[in-house]
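First residue of the sequence shown? That's -14 in the numbering used here, and the numbers climb one at a time after it. Ideal Cβ placement from N, Cα and C applies to all residues, glycine included. Just so it is clear, the structure is predicted and the values come from calculations on it, not from any experiment. Below: the structure, in structure tokens.
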Amino acid sequence: MDTRSNENIKALEPVFRFWGFSRITHHDMVGPGCVINSENLSTSYPHYGTLRFARDVSELICPEAHGPCQARQSWLYIDPSIQPEGQPLAWLEMSNHCRYPIITRTSDNDYHFWFDVDRTIRFVLNEEHLRHTAPLYVRLGINPHHLPRRMRDLAFHGMHTLRRLSHSNGSIGKGLATVDLWRGLIRHIVELRSDTKATPCWPDGKQYACTASHDLDTVDCFIKPKYLNQFRTIDDEMGMRTAWMVVTRNIKPGRLALDDLHAYGHEIGFHGTAHDHRLAFASPIVMARRVAEVKELISCYQTDGFRSPAYLRSLRLFRALDGVLAYDMSMHDAIEGVCRPSPANEGCGTCYPFFIRGTNLLEIPTTVPEDWQFDLMGIRDCNTILSVQKEKLARIKQRGGIANVLTHTEPAPSTKPYMVEAYRQLMAYMASDEQAWFATPGEINRWWRVRIKSIDRLWEQGIAYPPVSASVRDIFPATKRRTTVLQ
Ligand SMILES: [Zn+2]
-14 MDTRSNENIK ALEPVFRFWG FSRITHHDMV GPGCVINSEN LSTSYPHYGT
36 LRFARDVSEL ICPEAHGPCQ ARQSWLYIDP SIQPEGQPLA WLEMSNHCRY
86 PIITRTSDND YHFWFDVDRT IRFVLNEEHL RHTAPLYVRL GINPHHLPRR
136 MRDLAFHGMH TLRRLSHSNG SIGKGLATVD LWRGLIRHIV ELRSDTKATP
186 CWPDGKQYAC TASHDLDTVD CFIKPKYLNQ FRTIDDEMGM RTAWMVVTRN
236 IKPGRLALDD LHAYGHEIGF HGTAHDHRLA FASPIVMARR VAEVKELISC
286 YQTDGFRSPA YLRSLRLFRA LDGVLAYDMS MHDAIEGVCR PSPANEGCGT
336 CYPFFIRGTN LLEIPTTVPE DWQFDLMGIR DCNTILSVQK EKLARIKQRG
386 GIANVLTHTE PAPSTKPYMV EAYRQLMAYM ASDEQAWFAT PGEINRWWRV
436 RIKSIDRLWE QGIAYPPVSA SVRDIFPATK RRTTVLQ
């Protein structure tokens, strides 16, 4: 394998470390290549275009893991002034109709990557193409929860109708996760050409991880416990502990329910202070004050995770959370033409955890298509919802990442009977899959950090220590929990 990258940067080292290959494997597999340093390119922005693949490489990429990807769009750091050599296997087709080979194979059967893989992955992971600005209604000072539900629905669905009229309404669960695609391709080539295997990602040899959380946006689920309990009952019946993301303003009315969830081993996460959609764009002083409110959750429930209200996020917010909480779930892996106000075409390109740039905050992306997406697309039957979710689950399983399921304990649309039934069947499906490690987001966070430490040691000293292929019991000693179900 050969890459065009500055030798000092140690091309592909982050990808090899991600999979848990050793330094020796990296040394043996990666040639120095010609020197292209994307840091020196005239533009700090990568090129955007349509990815196209020759047949033999699209088989390597594995359609079961990514869906048909013969013509999908992505960002890539290339240097068009360089003429790639060898037989092209993949191209980037840009808006000026220029077709630039990005992967070639030479006569000595070496793969050459003609783009800066590491910087491209960094760019996509951190959604650097997005400008995280406050939506218009936030700038106008409107709290959507203060609007009558009918008016909110009208605005929400009106926006979707406009998108549909302009043929940009997108699709559910079919976005291309390019980070997983590039990493997966490299792993495949390494394993084909060497006798090494990547370090297992999950404990007990499980193929992928599953987790679920519930966003408690308003106080409704505490006033009418039915909204909360119908999900709780499913989780408990399946023997699955989940995360319940709560708004600090609602701690007081929700105290009893939260105490009870916590006593039964569920996790209580932070879902902002007021769900007014302003947190990510607040002034530094207001943001710090709001983030400090999580301390009550930390002291009562050992809260260590966060999802931003309406997924509205900013690097400033992540930095404010850094050192306070351990993980975040505000990003999706990939959504094409997402049908909601902001931001559009989002996605960190992976269904694996990663550290948000410049922080120690672990991102655990939300990856399974969720209630509001189906509602906006007008999908209101359980079977269709379930089949879309299972299709996505199958791809995540092939990639070996995390199926991260989300529901809302709100009157609509999440608690409609067909949505609740879809959730029940999805949970039963995951619970019956012996290849799935079902864990809370907090457990995934802790596991991933231990795995990274173990790989660091493999990289530095040539030997890994458990738990890289260990049992989950080695990491999380059994804790005593109440196990009967409250009615
Ligand atoms: Zn929410």
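Taking its Cβ as the centre, do 16 or more other Cβ atoms sit within 10 Å of residue i, making it buried, or is it exposed?
| i | result |
| --- | --- |
| arginine 436 | buried |
| arginine 380 | buried |
| glycine 332 | buried |
| leucine 241 | exposed |
| threonine 288 | buried |
| isoleucine 63 | buried |
| aspartate 318 | buried |
| alanine 424 | buried |
| leucine 361 | buried |
| isoleucine 9 | exposed |
| isoleucine 171 | buried |
| asparagine 128 | exposed |
| serine 439 | buried |
| tyrosine 33 | exposed |
| threonine 91 | exposed |
| threonine 146 | exposed |
| serine 327 | Caution applies to serine 327, whose pLDDT of 43 falls short of 50 and renders its modelled position unreliable; the model cannot decide the point. |
| arginine 104 | buried |
| arginine 2 | buried |
| glycine 224 | exposed |
| leucine 74 | buried |
| alanine 273 | exposed |
| isoleucine 270 | exposed |
| glutamine 446 | exposed |
| arginine 40 | exposed |
Can you tell me which of the options puts its alpha carbon nearest to the alpha carbon of residue i?
| i | options | result |
| --- | --- | --- |
| leucine 347 | Val279, Tyr337 and Val353 | Tyr337 |
| phenylalanine 207 | Ser284, Glu395 and Pro86 | Glu395 |
| glutamate 252 | Trp229, Leu170, Gln215 and Ala413 | Trp229 |
| alanine 364 | Asn389, Gly385, Arg342 and Tyr403 | Note on residue identity: the sequence assigns isoleucine, not alanine, to residue 364. The residue with the shortest Cα to Cα distance from isoleucine 364 is Tyr403. |
| leucine 166 | Ile127, Met412 and Val42 | Val42 |
| threonine 352 | His51, Met316 and Ser372 | Met316 |
| arginine 217 | Met412, Phe423, Ile429 and Arg431 | Met412 |
| alanine 311 | Arg275, Leu391 and Glu428 | Glu428 |
| histidine 142 | Pro354, Pro398, Gln410 and Lys438 | Pro398 |
| serine 179 | Glu113, His11 and Pro238 | His11 |
| alanine 50 | Glu112, Lys401 and Arg384 | Arg384 |
| proline 354 | Asp366, Arg342 and Ile370 | Ile370 |
| proline 185 | Gly386, Val271, Gly447 and Ile46 | Gly386 |
| proline 294 | Ile283, Lys280, Tyr286 and Arg275 | Arg275 |
| arginine 298 | Met314, Ser284 and Val309 | Met314 |
| histidine 247 | Ala259, Met272 and Asp221 | Asp221 |
| aspartate 13 | Thr181, Ser268 and Asn430 | Thr181 |
| lysine 159 | Ile320, Leu391 and Gly239 | Ile320 |
For the alpha helix (DSSP H) holding residue i, just list the boundary residues, first then last.
| i | result |
| --- | --- |
| proline 269 | 269 to 277 |
| glutamate 281 | 280 to 286 |
| serine 372 | 367 to 384 |
| valine 486 | Residue numbering for the chain in the displayed model covers -14 to 472; residue 486 lies beyond these limits and cannot be assessed. |
| valine 353 | Valine 353 -> no alpha helix (DSSP H), and no H or E assigned at all. |
| isoleucine 171 | 163 to 178 |
Looking at the secondary structure, which residues open and close the beta strand (DSSP E) in which residue i lies?
| i | result |
| --- | --- |
| glutamine 215 | Taken as a continuous stretch (DSSP letters only), glutamine 215 belongs to no beta strand (DSSP E), being part of the alpha helix (DSSP H) at 211 to 222. |
| proline 48 | Proline 48 -> not in any beta strand (DSSP E); alpha helix (DSSP H) instead, spanning 48 to 51. |
| aspartate 103 | Looking at the DSSP string, aspartate 103 is not in any beta strand (DSSP E); the run it does join, the alpha helix (DSSP H), is 102 to 110. |
| methionine 79 | 72 to 79 |
| aspartate 13 | Segment 8 to 14 is the alpha helix (DSSP H) holding aspartate 13; no beta strand (DSSP E) there. |
| glutamate 252 | 252 to 255 |
| glutamine 58 | 57 to 61 |
| cysteine 195 | 193 to 201 |
Excluding five sequence neighbours on each side, which residues of the same chain lie with their C-beta closer than 7 Å to the C-beta of residue i?
| i | result |
| --- | --- |
| threonine 344 | Phe303, Arg304 and Asp307 |
| valine 123 | His262, Arg263 and Phe266 |
| glutamate 406 | Cys367 |
Is the CB of residue i under 8 Å away from at least one CB in chain B?
| i | result |
| --- | --- |
| lysine 377 | This model lacks chain B altogether; it includes just one protein chain. |
Here's a check: name, in chain order, each residue in its chain whose Cβ is nearer than 8 Å to the Cβ of residue i, leaving out the five neighbours to either side.
| i | result |
| --- | --- |
| alanine 421 | Lys191, Gln192, Tyr193, Ala194, Cys195, Lys382, Ala388 and Met415 |
| arginine 340 | Residue identity differs from the one stated: residue 340 is phenylalanine in this sequence, not arginine. Result list for phenylalanine 340: Leu346, Leu347 and Glu348, in chain order. |
| lysine 401 | Arg365 |
| proline 65 | His32, Cys83 and Tyr85 |
| leucine 243 | Trp229, Val231, Ile236, Ile253, Cys285 and Tyr286 |
What residues in its chain sit with their C-beta under 6 Å from that of residue i, if we drop five residues either side in the sequence?
| i | result |
| --- | --- |
| leucine 443 | Ser7 and Ala449 |
| glutamine 358 | Ile157 |
| asparagine 235 | Val204 |
| asparagine 111 | Arg342 |
Count the CB pairs spanning the segment 289 to 309 and the segment 376 to 390 that are closer than 8 Å, and state whether there are at least three. The way I'd put it, the segment 289 to 309 doesn't touch the segment 376 to 390; fewer than three beta-carbon pairs between them come closer than 8 Å.
Are the segment 76 to 86 and the segment 117 to 136 touching, with three or more C-beta to C-beta distances below 8 Å? In this structure the segment 76 to 86 does not lie against the segment 117 to 136, because fewer than three pairs of beta carbons, one per stretch, are closer than 8 Å.
I need the residues with a C-beta less than 5 Å from some heavy atom of ligand 3; please give them in chain order. Ligand 3 is not part of the structure shown, which contains ligand 1 as its ligands.
With three or more beta-carbon pairs closer than 8 Å as the criterion, would you say the segment 197 to 205 touches the segment 215 to 234? Yes, the segment 197 to 205 touches the segment 215 to 234.
Three Cβ pairs or more, each shorter than 8 Å: is that satisfied between the segment 51 to 62 and the segment 161 to 176? A contact exists between the segment 51 to 62 and the segment 161 to 176.
Cβ pair count under 8 Å reaching 3, the segment 109 to 129 against the segment 260 to 279: As far as the Cβ criterion goes, the segment 109 to 129 touches the segment 260 to 279, which means the pair count is three or higher.
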